[in-house]
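In this note's numbering, the protein residues as written are 172 to 318.
Note that the Cβ used here is the ideal one computed from N, Cα and C, for glycine as well.
All of these numbers come straight from a predicted model, not from anything done at the bench.
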Amino acid sequence: MKSVPQVSFTLLASTRYLAKAYSRKDLHDLASFVLGSERIRGPVELALDMTHPKRIQALNRHFRGVDRSTDVISFRNGSLEGDIAINVRQAELQAKRMGHPVRREIRLLWIHGLLHLLNYTDYEPKPRRRMFKRQNELLRRWEKKVG
């Protein structure tokens, strides 16, 4: 049997917008699934802030020097610790554009953020293709597993 990492997970909500589109249990279990699929072992500490455009823009400006909003941003705080923020309004817009439920888009952004913590990058075309291929594969496998 595959071993899964022990995930300590804190869910923050600096916005209540779309709070019904996600659940703490689903996000925790999805993180365990992704990390296990990436062969991460041992305890992992994660915090996820479901936030709004102005907050994520401030984070992006402060930590990356990029003064614009984004859909997801990740910060690695140690070997197996990280913070991720998801812009839930952007998630809703992207879900609508892609024609799938907001829950699916939030899951996809969560996976994307987790992969960033594991050193995947999307700044150049080749690593971006690799990252997007992996996140889509993980999302398909998760949806097949839980629906």
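Less than 8 Å between the CB atoms is what I'm expecting for residue i and residue j, so what's the real figure, rounded?
i	j	result
L309	V205	6 Å
R195	L183	Not confirmed; about 11 Å, so no contact.
I227	S208	Incorrect: roughly 26 Å between the Cβ atoms, too far for contact.
L189	G213	Going by Cβ atoms, the distance from L189 to G213 rounds to 33 Å, so no, they are not a contact pair.
V237	T186	The Cβ separation is near 21 Å, so there is no contact.
Are there 16 or more other CB atoms within 10 angstroms of the CB of residue i, so buried, or fewer, so exposed?
i	result
I255	buried
E276	buried
A229	exposed
Quick check on residue i: does DSSP put it in helix, strand or coil?
i	result
V215	strand
E276	helix
V178	strand
D220	strand
D238	coil
L310	helix
L183	strand
M172	Because the pLDDT of M172 is 46, which lies under 50, any placement of that residue in the model is unreliable, and the number read from its coordinates should be weighed accordingly. Coil, per DSSP.
Considering residue i, what are the terminal residues of the beta strand (DSSP E) in which it resides?
i	result
A262	First-last for A262: 259 to 269, but that is the alpha helix (DSSP H), not the beta strand (DSSP E).
G249	243 to 249
Here's a check: name, in chain order, each residue in its chain whose Cβ is nearer than 8 Å to the Cβ of residue i, leaving out the five neighbours to either side.
i	result
A202	V178, F180, V215, L217, W281, L285
I211	P176, L251, L289
H223	S185, T186, Y188, N258, V259, R260
H271	none
P298	Y291, T292
From what residue to what residue does the alpha helix (DSSP H) around residue i run?
i	result
N290	Note, N290: premise wrong, no alpha helix (DSSP H); not H, not E.
A229	224 to 235
G318	Here G318 belongs to no alpha helix (DSSP H), and DSSP marks it neither H nor E.
R210	Unbroken run through R210: none, as it is neither H nor E.
Among the residues of its own chain, which have a CB less than 6 Å from the CB of residue i, if the five just before and after it don't count?
i	result
H320	Residue 320 lies beyond the stretch modelled for the chain, which goes from 172 to 318, so this question has no answer here.
M172	Summary for M172: the model assigns pLDDT 46, below 50, so the residue's position carries little reliability; its value from the coordinates is reported in the next sentence. For M172, where only same-chain residues beyond five positions count, there are no Cβ hits under 6 Å.
R312	none
Quick one: residues in its chain with C-beta nearer than 7 Å to the C-beta of residue i, no 5 flanking neighbours on either side, listed in chain order?
i	result
E263	L189, V273
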